[in-house]
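Notes follow the structure.
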Amino acid sequence: MGIRTFGIFAHVDAGKTTLTESLLYLSGAVKKLGRVDQGTAHTDRMDVEKQRGISVQSCPVVFEYEKNQYYLIDTPGHLDFTSQVETALQVIDGAVIIISAVDGIRPHTQIIMDQVKKYQIPTVLFINKVDRVGASHESIMQELKKMFSPAVCLMQEIDGEQTTGFTLHSRVGQGDFLECVTEILCDLDQDLMELYVNEQSLDPDKLLNSFYLYANTGQVYPTYMGSALHGKGIKELLEGIKYSFPDSTGLKEKPLSAVVFKIENHPSFGRMAYTRIYEGQLKVKNEILSVKDEKIVKANQIKLFTGERFVDTNQLSAGEIGAVIGLEGIQAKDMLGLENSRHRKELSTGVPVMRVKTMPVDPSKTGEFLSALQCLNDEDPSLNLTWIPEKKEFHIELFGTIQIEVLKNVLQERFGLEAFFEDPAVLYMETPVTEGEGFVSYTMPKPCWAVIKLCMKPGAPGSGVKFHSTVNHDVILYRYQKQIKEALPVALSQGLYGWKVTDIDITLIDGEYHVVHTKAPDFTVATPMAIMDGLKNTGTYLLEPILSFDLKGPEYVIGSVIKKLTDMRCVFDSPVIDNSQFFITGEMPVATSLQFPVEFSILTHGKGVLSTRFSRYKTCPPELGSTCERRGVNPLDRAKYILSVRNAL
4 MGIRTFGIFA
14 HVDAGKTTLT
24 ESLLYLSGAV
34 KKLGRVDQGT
44 AHTDRMDVEK
54 QRGISVQSCP
64 VVFEYEKNQY
74 YLIDTPGHLD
84 FTSQVETALQ
94 VIDGAVIIIS
104 AVDGIRPHTQ
114 IIMDQVKKYQ
124 IPTVLFINKV
134 DRVGASHESI
144 MQELKKMFSP
154 AVCLMQEIDG
164 EQTTGFTLHS
174 RVGQGDFLEC
184 VTEILCDLDQ
194 DLMELYVNEQ
204 SLDPDKLLNS
214 FYLYANTGQV
224 YPTYMGSALH
234 GKGIKELLEG
244 IKYSFPDSTG
254 LKEKPLSAVV
264 FKIENHPSFG
274 RMAYTRIYEG
284 QLKVKNEILS
294 VKDEKIVKAN
304 QIKLFTGERF
314 VDTNQLSAGE
324 IGAVIGLEGI
334 QAKDMLGLEN
344 SRHRKELSTG
354 VPVMRVKTMP
364 VDPSKTGEFL
374 SALQCLNDED
384 PSLNLTWIPE
394 KKEFHIELFG
404 TIQIEVLKNV
414 LQERFGLEAF
424 FEDPAVLYME
434 TPVTEGEGFV
444 SYTMPKPCWA
454 VIKLCMKPGA
464 PGSGVKFHST
474 VNHDVILYRY
484 QKQIKEALPV
494 ALSQGLYGWK
504 VTDIDITLID
514 GEYHVVHTKA
524 PDFTVATPMA
534 IMDGLKNTGT
544 YLLEPILSFD
554 LKGPEYVIGS
564 VIKKLTDMRC
574 VFDSPVIDNS
584 QFFITGEMPV
594 ATSLQFPVEF
604 SILTHGKGVL
614 STRFSRYKTC
624 PPELGSTCER
634 RGVNPLDRAK
644 YILSVRNAL
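Under this note's numbering, think of the first position of the sequence shown as 4, with each following residue one higher.
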């Protein structure tokens with residue numbers, strides 16, 4: 004039995020969950036076809052998903068079809084839940100990207116397309132809703148070749164588009180299909196190019212095999228059509244998935260290599276760690292190495308979700324995904340057994356761009372509220388929960404305002420807690436102005452001994468945090484250098500202005516430990532003091548989050564819209580006018596655009612369409628931006644900081 008592990012991705016309302024339902028129904032995994040609009044979709048398991056008709060979390064599900072096993076991850080389509088999409092993209096072997104035949108490529112679709120191309124993730128495209136009025140698969144194919152890749156190839160032809168009675172016919176083996184495949188493969192295969200140029204005959208079967216081989220390495224993109232709602236084109240799509248995605252069954256004899264990509268606190272089963280096996284096998288009760296802290300953990304139970312229920316299994320093998328109960332202390336993104344290069348840990352679909360303060364409506368329930376938020380933060384670490392006990396304040400980070408409504412709903416339904424959220428604030432970052440050194444000699448008050456000297460300089464935009472060491476392990480032992488590196492996220496979480504520090508290169512250039520006086524946590528304690536000393540010497544400036552945007556609206560309001568965009572410090576291309584509609588693309592600061600969706604709707608009398616997605620962090624004008632109140636004791640206040648970490652305040 005072959006194994007395919009893949010995710011389904013699309014912009015909101017393109018039909019991801021509906022397609023998942025059709026696949027489960029076709030395979031016989033579910034007896035009744037669920038519907039999003041009726042709140043009966045099997046992978047929308049949360050009450051808020053059923054009520055709002057949108058997916059807010061990823062849902063792994065398994066099914067069998069024609070002697071093959073498929074592990075599918077249904078993902079949210081809204082940008083506010085992009086962290087769920089990111090973790091799915093990191094672990095899959097293939098991606099199915101859905102494009103609405105009516106709406107075309109939307110911002111979230113473009114983000115997914117950029118990532119599958121960058122990481123060469125095998126990808127199959129599905130043009131959905133070809134039965135709808137306004138559907139045009141030809142327009143979508145032109146969009147795909149322009150905005151995604153010229154290596155897309157339509158696998159079917161259609162009769163009766165824009166009607167529910169449409170029919171699909173395979174193009175495989177036809178002359179125009181072979182011509183399309185030949186043109187695509189000639190750009191990838193030099194030997195084939197020479198045969199083609201020399202007008203030698205090309206074997207159709209070999210061409211098709213070669214096409215699927217390149218599909219398996221993410222270099223060509225088979226494209227299918229259909230209607231997920233009506234179950235048309237689903238069988239052909241599943242056939243394409245079988246041939247276009249790699250089979251993982253041959254890796255189970257190797258040592259275990261796996262990653263936990265999702266945590267769920269289930270009301271009946273407790274804490275479940277959804278785990279993808281890259282190589283080897285994970286068995287119930289076996290001892291398993293946690294790569295992060297080199298501790299041994301055990302799986303007490305393993306469950307698979309089939310769409311209708313969870314079923315027990317005793318093991319997971321290479322290519323499989325399951326919910327593992329046990330694994331004490333394991334968090335999302337933790338590796339088990341051995342590291343694996345196939346895990347795309349650097350892949351990112353965006354970052355939170357706003358922070359919001361929240362608290363329980365009933366102050367007497369602050370303890371319950373903290374436990375509930377810690378549970379949600381365990382499931383979605385991108386919330387980056389911060390608890391400030393002295394103020395009884397909770398801060399969380401968000402991708403968008405829809406998250407606030409969903410969190411309110413979840414806190415009420417799952418935990419019985421009514422929450423108050425303040426208006427969101429922009430999440431700025433800091434970066435060094437110039438090169439400088441950071442130094443700390445943490446040798447008093449005894450017992451302690453950790454001396455650190457760092458060289459700190461600005462990194463390239465978007466590079467994040469880079470750490471290097473030029474210090475020999477006989478000067479500072481390896482385990483202490485590892486402590487310094489592991490302490491950096493906390494040390495850089497608050498810079499001179501209270502914001503997270505990014506785009507910085509840090510090199511450990513000198514230091515000292517003591518055979519007798521150095522204790523286990525000393526370098527962890529010392530690192531924030533060295534970092535803040537360095538930032539004081541380098542100086543920092545603010546970076547603000549920027550969104551890419553696409554606007555469409557009636558031509559008669561274009562003047563008002565352009566004035567508004569200019570007032571918001573937007574940078575945009577010259578408008579394009581077509582059929583009495585204007586189209587504008589550009590970038591806008593999050594700081595000036597929090598209320599723009601409502602304002603744009605008013606300006607266009609509800610006839611405009613606005614799409615945004617995270618673009619980058621950019622230097623903030625000096626007169627703008629804001630500081631963030633420091634949480635905890637500033638390491639620059641050396642004496643008070645040391646007392647604080649020693650719990651002596």
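Just so you know, even glycine gets a beta-carbon here, dropped at the ideal spot from N, CA and C.
Option in the options with minimal Cα separation from residue i
i	options	result
D134	A154, E416, K120 and D106	D106
F272	R279, E297, F308 and D250	F308
L240	I101, L205, A463 and P492	I101
L254	K209, R345, S86 and E602	R345
T505	R482, K460, M432 and P531	M432
L546	V528, I11 and P464	P464
G137	D570, K148, T126 and A104	A104
K395	G403, L414 and F372	F372
C189	G234, L171, Y217 and D208	Y217
S583	G589, Y559, L606 and E515	Y559
R312	K336, H269 and S351	H269
Bounding residues of the alpha helix (DSSP H) (the contiguous stretch that carries residue i)
i	result
A533	D525 to T541
L285	Where L285 is concerned, there is no enclosing alpha helix (DSSP H), although the beta strand (DSSP E) it sits in stretches over Q284 to K286.
E663	Examination of residue 663 is not possible in this model, given that the chain is present from 4 through 652 alone.
S647	R641 to V648
V593	V593 to S596
Assigned secondary structure, residue i (DSSP; H/G/I helix, E/B strand, else coil)
i	result
H520	coil
M111	The residue asked about is misnamed: residue 111 is His in this sequence, not Met. Note: H111 maps to helix in three-state DSSP.
V579	strand
S320	strand
F66	strand
Q123	coil
M116	helix
M196	helix
P492	helix
C451	coil
P557	strand
C183	helix
Y281	strand
Within 8 Å, strictly: CB atoms of residue i and residue j
i	j	result
I407	V359	yes
F339	T278	The amino acid occupying residue 339 in the given sequence is Leu; Phe does not appear at that position. Cβ distance < 8 Å, so L339 and T278 count as in contact.
F487	F442	Looking at the sequence provided, one finds Ile at residue 487 rather than Phe. No, the Cβ-Cβ distance between I487 and F442 is not below 8 Å.
T112	A91	no
L341	S260	yes
K503	I549	no
Y74	E323	yes
L205	T185	yes
I657	F9	Given that the chain is displayed from residue 4 to residue 652, the structure contains no residue 657 and the question cannot be resolved.
G514	V574	no
F129	V99	yes
I328	N317	no
Nearest-angstrom Cα separation, counted from residue j out to residue i
i	j	result
A651	N637	15 Å
R634	A642	17 Å
L538	K469	15 Å
S230	S25	10 Å
P461	H45	48 Å
P600	Q284	49 Å
V593	V119	26 Å
L613	P578	14 Å
F66	Q60	20 Å
L319	L29	24 Å
L376	L22	32 Å
E242	V51	33 Å
Beta strand (DSSP E) segment containing residue i, residue limits
i	result
K469	V468 to S472
S173	T170 to S173
P417	Looking at the sequence provided, one finds Arg at residue 417 rather than Pro. Note, R417: premise wrong, no beta strand (DSSP E); alpha helix (DSSP H) at I405 to F418.
L157	V155 to L157
Y445	G439 to Y445
F423	A422 to F424
T85	From DSSP, T85 is part of no beta strand (DSSP E) but of the alpha helix (DSSP H) over T85 to V94.
P142	In the sequence on display, residue 142 carries Ser and not Pro. Segment H140 to M150 is the alpha helix (DSSP H) holding S142; no beta strand (DSSP E) there.
T434	M432 to P435
P363	M357 to P363
S604	From DSSP, S604 is part of no beta strand (DSSP E) but of the alpha helix (DSSP H) over F599 to L606.
N71	N71 to D77
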